[in-house]
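For reference, the structure is listed below as structure tokens.
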Amino acid sequence: MKYSILILFLPTLLFAQEFTFELEFDAIPVEIDGWQPIAPWLGGLSFTQPELCDIDADGDQDLFIGKQERSIWFLENTGTPQVFDVDITSFEYSGIEIDSIYGYIAPIFCDLDNDDDLDMFSYDVVGLIHYWENVGTPTFPCFSHVTDTLNGMNYLVTGGMNFCDIDDDGDFDLFTGSTYYGFIRFYLNEGTPQEWNFNLIEEQFLGISAGMNVHPEFCDIDSDGDFDLFVGGNDGKILFYRNDGTPSEYNFTHVTDNYGGIDVGAASSPEFSDIDGDGDFDLFVGRTEANSGISPGDLYLYENIGNQTQADWQLITSNFLCLDIGRYAKCTITDIDGDQDQDIFIGNSGNRLSYYQNTGDSTDANFLEITHQYQGISVNGIMPFFCDIDADQDPDLFCGSVRIPSPPPPDLYLYGNRGTPQNADFSLVSSSLVQGNFFVGITPCLADVDADNDYDLFLSDSWDGEYFFYENTGTPENYNFVYQTSSWQGISSILASPSFFYDIDNDEDLDLFIAAISESGGEANIYFYRNMGTPAMANMVFQTYYFLNFESYPLWIYLHGLSISDFDNDGDGDFIVGTYHGGLLFFRNTTGDTSAVQPRLSLDPHHGIQFSIGPNPANPITWISYNLPYPQKAEIAVYNLLGQKVATLASGLQMPG
Numbered sequence: 033m034k035y036s037i038l039i040l041f042l043p044t045l046l047f048a049q050e051f052t053f054e055l056e057f058d059a060i061p062v063e064i065d066g067w068q069p070i071a072p073w074l075g076g077l078s079f080t081q082p083e084l085c086d087i088d089a090d091g092d093q094d095l096f097i098g099k100q101e102r103s104i105w106f107l108e109n110t111g112t113p114q115v116f117d118v119d120i121t122s123f124e125y126s127g128i129e130i131d132s133i134y135g136y137i138a139p140i141f142c143d144l145d146n147d148d149d150l151d152m153f154s155y156d157v158v159g160l161i162h163y164w165e166n167v168g169t170p171t172f173p174c175f176s177h178v179t180d181t182l183n184g185m186n187y188l189v190t191g192g193m194n195f196c197d198i199d200d201d202g203d204f205d206l207f208t209g210s211t212y213y214g215f216i217r218f219y220l221n222e223g224t225p226q227e228w229n230f231n232l233i234e235e236q237f238l239g240i241s242a243g244m245n246v247h248p249e250f251c252d253i254d255s256d257g258d259f260d261l262f263v264g265g266n267d268g269k270i271l272f273y274r275n276d277g278t279p280s281e282y283n284f285t286h287v288t289d290n291y292g293g294i295d296v297g298a299a300s301s302p303e304f305s306d307i308d309g310d311g312d313f314d315l316f317v318g319r320t321e322a323n324s325g326i327s328p329g330d331l332y333l334y335e336n337i338g339n340q341t342q343a344d345w346q347l348i349t350s351n352f353l354c355l356d357i358g359r360y361a362k363c364t365i366t367d368i369d370g371d372q373d374q375d376i377f378i379g380n381s382g383n384r385l386s387y388y389q390n391t392g393d394s395t396d397a398n399f400l401e402i403t404h405q406y407q408g409i410s411v412n413g414i415m416p417f418f419c420d421i422d423a424d425q426d427p428d429l430f431c432g433s434v435r436i437p438s439p440p441p442p443d444l445y446l447y448g449n450r451g452t453p454q455n456a457d458f459s460l461v462s463s464s465l466v467q468g469n470f471f472v473g474i475t476p477c478l479a480d481v482d483a484d485n486d487y488d489l490f491l492s493d494s495w496d497g498e499y500f501f502y503e504n505t506g507t508p509e510n511y512n513f514v515y516q517t518s519s520w521q522g523i524s525s526i527l528a529s530p531s532f533f534y535d536i537d538n539d540e541d542l543d544l545f546i547a548a549i550s551e552s553g554g555e556a557n558i559y560f561y562r563n564m565g566t567p568a569m570a571n572m573v574f575q576t577y578y579f580l581n582f583e584s585y586p587l588w589i590y591l592h593g594l595s596i597s598d599f600d601n602d603g604d605g606d607f608i609v610g611t612y613h614g615g616l617l618f619f620r621n622t623t624g625d626t627s628a629v630q631p632r633l634s635l636d637p638h639h640g641i642q643f644s645i646g647p648n649p650a651n652p653i654t655w656i657s658y659n660l661p662y663p664q665k666a667e668i669a670v671y672n673l674l675g676q677k678v679a680t681l682a683s684g685l686q687m688p689g
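Per our numbering, residue 33 is the first one in the sequence shown, and the count goes up by one each step.
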């Protein structure tokens with residue numbers, strides 16, 4: 033990483049952070065159709081546009097991912113040209129952000145000034161091309177923002193863009209896509225390799241009209257010395273135009289609207305690169321999640337099992353980076369197969385339930401994707417929660433529903449497990465288990481908060497923040513839910529926020545956690561209410577909005593799922609959090625483990641930044657010294673124990689030394 037954030041932790045009088053957690057992207061393996069994603073617990077991706085290039089001149093291809101949250105994710109290839117292996121120490125590259133409206137960022141790298149290093153470009157949704165000049169070296173890149181519109185012109189790029197020397201004159205020409213019209217604009221570079229001068233030649237290159245979100249990609253796929261054209265479209269397919277001309281005189285022939293039979297769902301973004309060093313191109317395809325239905329996958333990888341002149345594509349995985357089930361990962365856990373470990377279920381906007389079996393054990397989890405349509409269960413906007421409500425030693429399933437896109441109002445579904453602890457068999461018991469003044473959607477949670485050995489019911493509502501409480505006045509075998517209040521303990525939830533009860537402080541009563549959007553600007557957080565009462569008489573006292581310190585990580589997410597369990601059998605609760613983007617985050621509880629350090633945005637691990645501080649930061653005066661081996665952006669920021677930035681001491685491009 034070329035952007036260094038040096039973090040100083042100072043004491044605070046706010047909530048004492050007595051619990052520590054480590055966000056782990058890859059510690060627990062997940063297998064999906066024979067593939068283990070690189071970082072399964074990354075949280076999912078709603079929008080991916082891949083770009084591969086050798087950014088550090090070490091002879092292998094590094095991977096950049098454009099995404100929605102105004103930043104770039106970078107996976108450095110620490111392997112070889114034959115073996116793609118990435119470093120996931122930090123995903124955010126150089127701290128580059130775009131502050132424009134809707135701030136999509138999709139990096140394209142090209143040596144546009146012919147100085148032997150790669151410069152960076154990105155479009156955004158308002159049509160600007162952003163340009164960062166590489167003022168570093170081929171091995172130590174350092175990017176300086178030059179302009180928000182390349183050469184002061186509006187190129188109307190809202191779908192995709194690419195550079196290609198289409199006329200073989202030694203400089204790069206520019207092709208830009210359109211979101212709304214499906215056209216590709218062609219700008220001929222009439223300048224030189226060192227000084228570009230783009231002139232619009234065609235408003236609709238080759239007469240192409242590919243629907244919305246057009247992504248042009250050039251590649252000599254048949255090794256005949258000229259560039260062929262591939263166009264990603266809004267329907268998730270790829271158009272192919274073969275170049276039957278010469279390197280200096282192109283002549284494109286439309287071959288197919290569905291190249292290789294590839295379909296990634298929506299807004300395909302093709303990127304060719306030889307990542308296995310076998311001399312032919314392999315293919316990554318980014319995507320945008322479909323608006324409805326089960327839509328798993330984040331980044332598709334196709335291996336070329338053909339040759340350099342005749343490509344033949346084999347799908348390797350649709351989840352190259354992480355577990356991603358589409359949109360709104362509403363996760364819940366239970367031991368569904370009676371093997372004494374926790375399995376994972378995820379509801380999503382497609383109304384169905386995905387099942388991930390824990391094939392490991394109670395100490396070392398290992399998850400295997402089984403199905404996206406578990407037992408045919410389908411509930412509109414399904415929000416699942418498992419609980420053995422009839423004391424028959426197997427879990428039953430509660431599902432909240434969502435009104436959108438149309439009535440009826442939301443209801444609570446109960447599916448009874450008529451099978452065994454080892455072989456579940458669910459059947460619908462009720463599609464309207466309790467009555468309530470629900471508005472858009474409800475999320476269930478069950479816990480025994482009065483120590484009477486049966487489970488009480490809580491429902492968070494998606495509109496006005498109500499937290500409904502239904503006391504179970506029945507028995508462990510025969511439930512009877514009786515409405516008590518719409519604001520239990522004065523607690524409000526936000527947007528049907530998932531909640532979970534867990535004795536986090538080992539005082540033998542249940543504490544409460546709510547995954548919510550903060551009141552101060554939209555960041556995701558876990559609210560923590562400590563039970564200061566007894567097991568039989570709860571007294572929830574608010575402790576913090578920032579239990580897991582999401583602000584400490586390079587992620588921008590909304591939370592839609594929350595489950596807590598001791599996944600490593602070390603006596604404390606680990607957290608699994610579902611996100612809007614369709615994936616999961618795993619926070620390992622490291623409380624009391626002195627060898628564990630909570631991850632923060634880290635120093636560049638590869639290029640020898642020297643940093644020192646003294647005396648101890650608890651002193652009134654502290655000095656900070658650092659030495660940079662090459663020009664780069666550096667920031668010295670002060671954070672408190674909650675992971676909140678309280679001061680910036682220095683920021684900007686710094687020279688070596």
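We put the CB at the ideal spot given by N, CA and C, even for glycine. Bear in mind that the values here come from a model prediction, so they are computed numbers and not experimental data.
query: Is residue 425 helix, strand or coil by DSSP?
result: In the three-state DSSP reduction, residue 425 falls in the coil class, being neither helix nor strand.
query: Candidates 431, 94, 147, 179: which alpha carbon is nearest residue 168's?
result: Nearest option by C-alpha distance: 147.
query: Would residue 65 pass as a contact of residue 391 if the rule is Cβ separation under 8 Å?
result: No, these two residues do not count as a Cβ contact at 8 Å.
task: With residue 24 as the anchor, note down where its beta strand (DSSP E) starts and where it stops.
output: As shown, the chain starts at 33 and ends at 689. That puts residue 24 outside it, with no answer to give.
message: Please classify residue 568 as buried or exposed, where buried requires at least 16 neighbouring CB atoms within 10 angstroms.
response: Using a 10 angstroms sphere on the CB of residue 568, the tally of other CB atoms stays under 16, which defines it as exposed.
- request: Could you round the C-beta distance between residue 59 and residue 120 to whole angstroms and report it? I think they count as a contact, below 8 Å.
  value: Not really, about 11 Å apart at Cβ, beyond 8 Å.
task: Identify which residue in 511, 502, 194, 510 has its Cα closest to the Cα of residue 521.
output: It is 502 whose Cα lies nearest to the Cα of residue 521.
query: Do you know whose CA, among 548, 136, 177, lies nearest residue 151's CA?
result: Looking at the Cα atoms, 177 is the closest of the given residues.
query: Which first and last residues belong to the beta strand (DSSP E) in which residue 502 is found?
result: Counting along the chain, the beta strand (DSSP E) containing residue 502 begins and ends at 499 to 504.
field: For residue 231, the nearest candidate out of 221, 557, 225 (CA to CA)
entry: Looking at the Cα atoms, 221 is the closest of the given residues.
- request: Pick helix, strand or coil for residue 542, following the three-state DSSP scheme.
  value: Here residue 542 sits in coil by DSSP.
query: Is it right to say residue 212 is buried, meaning 16 or more other beta carbons lie within 10 angstroms of its own, or is it exposed?
result: The residue is exposed, with fewer than 16 neighbouring Cβ atoms inside 10 Å.
task: With DSSP as the reference, label residue 153 as helix, strand or coil.
output: The answer is strand: DSSP assigns residue 153 an E or B state.
- prompt: Is there contact between the segment 399 to 417 and the segment 379 to 388, where contact requires at least three CB pairs shorter than 8 Å?
  reply: They touch, by the three-pair rule.
query: Secondary structure at residue 273, three-state DSSP: helix, strand or coil?
result: Note: residue 273 maps to strand in three-state DSSP.
message: DSSP three-state label for residue 77, please.
response: Correct three-state label for residue 77: coil.
field: Supposed close pair residue 118, residue 355 - CB separation, criterion 8 Å
entry: With a contact defined as Cβ atoms closer than 8 Å, residue 118 and residue 355 miss out at about 16 Å.
task: Could you tell me the distance, in whole angstroms, from the CA atom of residue 668 to the CA atom of residue 172?
output: Between the alpha carbons of residue 668 and residue 172 lies a gap of roughly 21 Å.
message: For the beta strand (DSSP E) containing residue 405, name the first residue and the last one.
response: No beta strand (DSSP E) holds residue 405; DSSP gives it neither H nor E.
query: What are the start and end residues of the beta strand (DSSP E) that includes residue 165?
result: 161 to 166 is the extent of the beta strand (DSSP E) around residue 165.
- request: State the DSSP-derived secondary structure class of residue 292, mapped to helix, strand or coil.
  value: Reduced to three states, the DSSP call for residue 292 is helix.
- prompt: Nearest-angstrom Cα distance between residue 85 and residue 329?
  reply: Distance between residue 85 and residue 329, taken at the CA atoms: about 23 Å.
message: Need the endpoints of the beta strand (DSSP E) that residue 576 sits in, please.
response: The continuous beta strand (DSSP E) containing residue 576 extends over residues 572 to 576.
query: By Cβ distance below 6 Å, which residues in the same chain neighbour residue 345 in space, the five residues on each side in sequence not counted?
result: Apart from sequence neighbours up to five positions away, the residues of its chain that approach residue 345 with a beta-carbon distance below 6 Å are 292, 334, ordered along the chain.
query: Which residues in the same chain as residue 265 place their Cβ atom closer than 6 Å to its Cβ, once the five residues preceding and following it in sequence are excluded?
result: 242, 243.
query: Roughly how many whole angstroms lie between the Cα atoms of residue 51 and residue 623?
result: Taking the Cα positions, residue 51 is about 5 Å away from residue 623.
query: Which word fits residue 426, buried or exposed, when buried means at least 16 other C-beta atoms lie within 10 angstroms of its C-beta?
result: Buried, because 16 or more other Cβ atoms sit within 10 Å of the Cβ of residue 426.
field: Collapsed DSSP secondary structure at residue 340 in the structure displayed
entry: Coil, per DSSP.
Other residues of its chain near residue 690: CB distance less than 7 Å, five sequence neighbours each side excluded: The question about residue 690 has no answer here: the residues shown for the chain are numbered 33 through 689.
- request: Can you tell me which of the three DSSP states residue 467 falls into?
  value: In this structure, residue 467 counts as coil in the three-state DSSP scheme.
message: Contact between the segment 533 to 552 and the segment 511 to 518 is defined here as three or more beta-carbon pairs at a separation below 8 Å; is this criterion met?
response: Pairwise C-beta distances place the segment 533 to 552 out of contact with the segment 511 to 518, as fewer than three of them are shorter than 8 Å.
- prompt: Between the C-alpha atoms of residue 108 and residue 94, what's the straight-line distance to the nearest angstrom?
  reply: Residue 108 and residue 94 have their C-alpha atoms spaced approximately 5 Å apart.
message: On the CB-based measure, 16 or more other CB atoms within 10 Å of its CB, does residue 235 come out buried or exposed?
response: The residue is exposed, with fewer than 16 neighbouring Cβ atoms inside 10 Å.
Residues bridged to residue 63 [DSSP beta-bridge criterion]: Partner(s): 400.
query: Does the Cβ of residue 530 have 16 or more other Cβ atoms within 10 Å, making it buried, or fewer, making it exposed?
result: Residue 530 counts as buried, since no fewer than 16 other beta carbons sit within 10 angstroms of its beta carbon.
- request: Kindly say whether residue 302, judged by its beta-carbon, lies nearer than 8 Å to any beta-carbon of chain D.
  value: Of the protein chains in the structure, only one exists, and it is not chain D.
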